[in-house]
Each structure stands twice: as C-alpha cells, then as structure tokens.
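Encoded as structure tokens, the structure appears first; notes follow it.
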Amino acid sequence: MSINSFGHLFRVTTWGESHGPAIGATVDGCPPGVPVTEKVLQHWLDKRKPGQNKYTTQRREADAVRILSGTFEGVTTGTPVQLMIENTDQRSKDYSDIRDKFRPGHADITYFRKYGIRDYRGGGRSSARETASRVAAGGLAREAIKAIVPDLQITGYMVQMGPHTIDRDRFDWDQIERNPFWVPDANAAIKWADYLDSLRKSGSSVGAVIEVTARNVPAGLGAPVYGKLDTDLAAAMMSINAVKGVEIGEGMSAAMLTGELNADEIRMGPGGPEFSSNHAGGVLGGISTGQDVVVRFAVKPTSSILTPRKTITRTGEETEIITKGRHDPCVGIRAVPVGEAMMACVLLDHLLLHRGQVGGNRGVIG
Numbered sequence: 003m004s005i006n007s008f009g010h011l012f013r014v015t016t017w018g019e020s021h022g023p024a025i026g027a028t029v030d031g032c033p034p035g036v037p038v039t040e041k042v043l044q045h046w047l048d049k050r051k052p053g054q055n056k057y058t059t060q061r062r063e064a065d066a067v068r069i070l071s072g073t074f075e076g077v078t079t080g081t082p083v084q085l086m087i088e089n090t091d092q093r094s095k096d097y098s099d100i101r102d103k104f105r106p107g108h109a110d111i112t113y114f115r116k117y118g119i120r121d122y123r124g125g126g127r128s129s130a131r132e133t134a135s136r137v138a139a140g141g142l143a144r145e146a147i148k149a150i151v152p153d154l155q156i157t158g159y160m161v162q163m164g165p166h167t168i169d170r171d172r173f174d175w176d177q178i179e180r181n182p183f184w185v186p187d188a189n190a191a192i193k194w195a196d197y198l199d200s201l202r203k204s205g206s207s208v209g210a211v212i213e214v215t216a217r218n219v220p221a222g223l224g225a226p227v228y229g230k231l232d233t234d235l236a237a238a239m240m241s242i243n244a245v246k247g248v249e250i251g252e253g254m255s256a257a258m259l260t261g262e263l264n265a266d267e268i269r270m271g272p273g274g275p276e277f278s279s280n281h282a283g284g285v286l287g288g289i290s291t292g293q294d295v296v297v298r299f300a301v302k303p304t305s306s307i308l309t310p311r312k313t314i315t316r317t318g319e320e321t322e323i324i325t326k327g328r329h330d331p332c333v334g335i336r337a338v339p340v341g342e343a344m345m346a347c348v349l350l351d352h353l354l355l356h357r358g359q360v361g362g363n364r365g366v367i368g
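Numbering (our numbering), first residue to last: 3 to 368.
Listed below in structure tokens is the structure:
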C-alpha cells in the first residue's frame, strides 16, 4: 500500500512519475465558489520550474498546468479539482547506467527493498518532480484562503546554504524575489552565488535550510491532542523530497533556553493580546496564537553527483557509480515554493476544520 494523499478536509492526492507522460494532483474538499484559473496557478509553478538559472537543473519543463475538472466559469464547484502537468523534457538515457545500481543517499534502494521494482528513470515517484503537483495544489489553496482570511500571507525563503547562514539583522522581505536563492539578505545572496557556482562546476551538491512564514494567521487553528496544527505542518514539510528535519519556531534551539527566555510574554494591546516575542513559532498546545506561524526545514544535498561513490548492484555486486545528467546543485532553491505550497494546504485544511468544529473563536479576550 502506498500513501499518496494528505490533508483532512482539503485533501490532495498527487500522482505520476518523473519520466512518465504527466504528473498531477487530485484535490478534493476545495470549497465551491473559489475563483481560480490556470494562469493564477501557473504563477506559483513558475517559481518552482527547472532551468530558470544556472543554479538549478537544466531540464527544460514548462510546467504548464491544466485544470481538467472541478471548475465552471472560472470558479470551483465543490467537486474534485483535477490538475495535470505534462512532462516534456525527459532524458531517460541519462539514467541507463544506474538501471541496476543504487545511488547512495537516494531512495533507489529502499523502493526496491520494499516493492521489488523501481523506476530508475529520474527516480520515478521519489523524484522532486512530484513536488510540482503540490505547488499547483498549493496555488489553489491560496485562492481558497483569500476568501476566508484575505490578509493571510505565506512567504518562503532560504536561511542557510551548506555552512553559510543569513545575517538576521540584515533581513529584508523585499530582497527575497530579487535573487535566485530566495534569500532575504542581499550580502548572503552574493556570497552564496560564488559558493554554489564552485560546487556546481565540480559536479557536487549542497544542502539548505528553508524557512516559511505565514503572517496574519488567525488564532484558534489546530486541535488537541492529535490534531495539532504543528503536527500537520511538520508532517507536510517532512513529506517533501530530501527533507531530513523540521522545526517550528525556536525548534531545537529551545532546548538551550531557560523558561524565562523561551516563554513569550503577553500583554493587552489595542487590538487584543500581544506577545513580546515568538519563540513558539505561532503555535502553543497545537493551536495557533495569532502570531506569525514559522516553520523551518532542512534539505539534504542532492544525491546525484559526479563524484565516484561506492555502491552495490541489484545482484549484490560491489561497484562504483557516477550519476550523470541534469541535476540541482542545491535542491533547496526549488524547495522554497514547495514549502510555501505545503503551508498553504495545511492552513486551509485547518481553517476548514476550525470552521466546521466551532464556527469561529469562542474565547474573546478584553
């Protein structure tokens, strides 16, 4: 059995393989009356599509999305929305050498151990190509969110590449879309360009840390104890290809703080409760506080590199492998819009769950 769906009320099922004819998503539970067009969804897919600069895979895919069902006269009908993206630039011959070899650090070996068969062409279902479907579904989720919380904004950005981190004192929201790394620090963008260019030319790769912030999230989303907002956010981010760690708010660093430092003090402001800080990342007890919801996830280095590595074949023979073809030197770059999409899907899901459970917030303060 494979699990290819996520979500509770807003439920997304992705399908397709990297070198198959198409990939896509079936979205069930989208509210009716949401204005959406292929052009609107394409905006988000264009952020993720490959071949846009020298720092991403040179596979040339238009990632043109088609809406096959679930809309009428430009709005959703409440029935399943079928989204499809055709694959047009597959080069399966690049993978002929790994037909019987397992790439170290890749899902090749685990897929084969589980199923006894694997699609070696680009990794098949385990390829990051699958995430284009998520971005399309996330675009739909964003449009549905607008009808419920018009001011809610979701922004992803890279805060670390390999050993290099941003300077938080230089954080500038306006810088994020001005460089190929979606980094909010102009100086870091310049340094990272030289660093990644060197890695790219050597045929190596590097990991990254992505942060996704949702602003103007209403308080009250999420439910104890197994329906926590941060539980679903962590699961959503962890399901992204190559992700090896997820943090909410202060995350692992909270273990180094004292209670006095970690607790976000509360005071009464003119518009309601206000917090002195946001170590919690906008979630307490699994329920949103009304602050920014902040999630970070770590992406490992791409396993397809030109450096010879030791491995084995399907018959158990020891050998070496070099992965040729078109690969991302830092897959974290294109993971930014994927993280945004997963945040959108989870927040919409919890907005719908909250509306269905209590209608609106019951606890009025002040």
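Even for Gly, the Cβ is constructed at its ideal location relative to N, Cα and C.
In the three-state reduction of the DSSP assignment, residue 246 falls in the strand class. When DSSP states are grouped into helix, strand and coil, residue 179 belongs to the helix group.
In the DSSP annotation of this structure, residue 12 is not part of any alpha helix (DSSP H), being labelled neither H nor E.
Non-local C-beta neighbours of residue 80 in its own chain, meaning closer than 6 Å and more than five positions away in sequence, comprise 34, ordered along the chain. Per DSSP, the continuous beta strand (DSSP E) segment holding residue 27 begins and ends at 24-30. The shortest C-alpha to C-alpha distance from residue 28 to any of 342, 137, 311 is the one to 137. Between residue 323 and residue 105 a beta carbon distance of about 6 Å is seen, short of the 8 Å cut, so the two are scored as contacting.
Annotated as distal: residue 153 and residue 215, with beta-carbon spacing of 8 Å or more. With contacts defined by Cβ atoms closer than 8 Å, residue 221 and residue 157 do not form a contacting pair. Within a 10 Å sphere around the beta-carbon of residue 321 sit fewer than 16 other beta-carbons, which makes this residue exposed. Contact check for residue 126 against residue 20 passes: the beta carbons are separated by less than 8 Å. When rounded, the separation of the alpha-carbon atoms in residue 90 and residue 18 is 13 Å. Look at the beta carbons and you see the stretch 343-355 touching the stretch 226-238: at least three pairs across the two are nearer than 8 Å. Boundaries around residue 84 are those of the beta strand (DSSP E), 83-88, since no alpha helix (DSSP H) includes it. Taken through DSSP and simplified to helix, strand or coil, residue 46 comes out as helix.
Contact between residue 177 and residue 217 is absent: CB atoms are separated by about 17 Å, not below the 8 Å threshold.
Here residue 179 is exposed. Its C-beta has fewer than 16 other C-beta atoms within 10 Å. The Cβ atoms of residue 194 and residue 166 sit closer than 8 Å to each other.
Taking 8 Å as the cut-off, the beta carbon of residue 102 is found closer than this to the beta carbon of residue 316. Beta-bridge partners assigned by DSSP to residue 74: 77. For residue 148, the enclosing alpha helix (DSSP H) stretches over residues 133-150.
Within the same chain, and ignoring the five residues on either side of residue 269 in sequence, the residues whose Cβ sits closer than 6 Å to its Cβ are 276. Assignment of residue 276 by DSSP, reduced to helix, strand and coil, places it in the strand class. In the displayed model, residue 37 falls within a strand according to three-state DSSP.
Around the CB of residue 243, 16 or more other CB atoms lie within 10 Å, so the residue is classed as buried.
The stretch 215-262 is shown to contain whole beta strand (DSSP E) runs of 3 or more residues at 245-250, in chain order.
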